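Residue numbers (the numbering used here): 1 to 162.
Note that the Cβ used here is the ideal one computed from N, Cα and C, for glycine as well.
Just so we're clear, the structure is a prediction, and the values are computed from it rather than from any experiment.
Data block below; observations after.
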């Protein structure tokens with residue numbers, strides 16, 4: 001487990017960032033008063049997410065691989081980080097929905113029904129903790145793999161031709 005310590009540390013940092021982001025969204029009124037803007041504003045969470053992935057892989061490069069890392073090593077580190085983030089995502093979703101913003105699902109259901117985007121039944125099927133946990137797992141895997149692919153291009157060590 002020692003060799004995965006860096007990825008695990010950054011997975012906890014990522015989860016803390018996510019919970020802080022959700023708290024800021026709640027305090028800004030994006031989970032009730034300004035709910036219609038929440039989906040757009042939430043996309044900006046990708047900025048700190050990418051930064052955390054880049055810092056995690058750079059940390060691995062510097063402190064595990066002594067400053068030299070291949071694309072494969074970098075990608076595998078990002079993939080491992082993704083797995084840890086995905087394993088923590090159900091916990092972060094539960095904390096978000098039960099502690100940070102317990103009225104979110106009721107609010108979003110009421111909003112989408114009132115604006116005729118969904119029927120009551122459709123909204124209840126779409127906006128619930130089970131659906132959000134599944135979405136966070138799938139979304140976390142997809143974005144984590146994409147982040148790992150792209151960031152690894154930039155973090156791999158340059159090879160010298162001899």
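My assumption, with CB atoms under 8 angstroms, is that residue 93 sits in contact with residue 136. Please give the rounded CB distance. With a Cβ gap of about 5 angstroms, residue 93 and residue 136 count as contacting.
Under 8 angstroms Cβ to Cβ from residue 172, same chain only, skipping five residues before and after it: list those, please. Because the chain is modelled from 1 through 162, residue 172 falls outside the range shown and cannot be assessed.
Could you check if residue 142 is buried or exposed, using at least 16 other CB atoms within 10 Å of its CB as the buried criterion? exposed
Would you check if the region 95-107 and the region 14-22 touch, i.e. whether three or more CB-CB distances between them fall below 8 angstroms? At 8 angstroms Cβ cutoff, the stretches touch.
Residues near residue 88 in its chain [Cβ-Cβ closer than 7 angstroms; skip 5 each side]: 11, 15
Three or more C-beta pairs below 8 angstroms linking the region 125-136 and the region 99-109: yes
Distance check for residue 46 and residue 40, CA to CA, integer angstroms please. 12 angstroms
Going by the beta-carbon positions, is the gap between residue 100 and residue 23 smaller than 8 angstroms? yes
Report the three-state DSSP secondary structure of residue 90 (helix, strand or coil). helix
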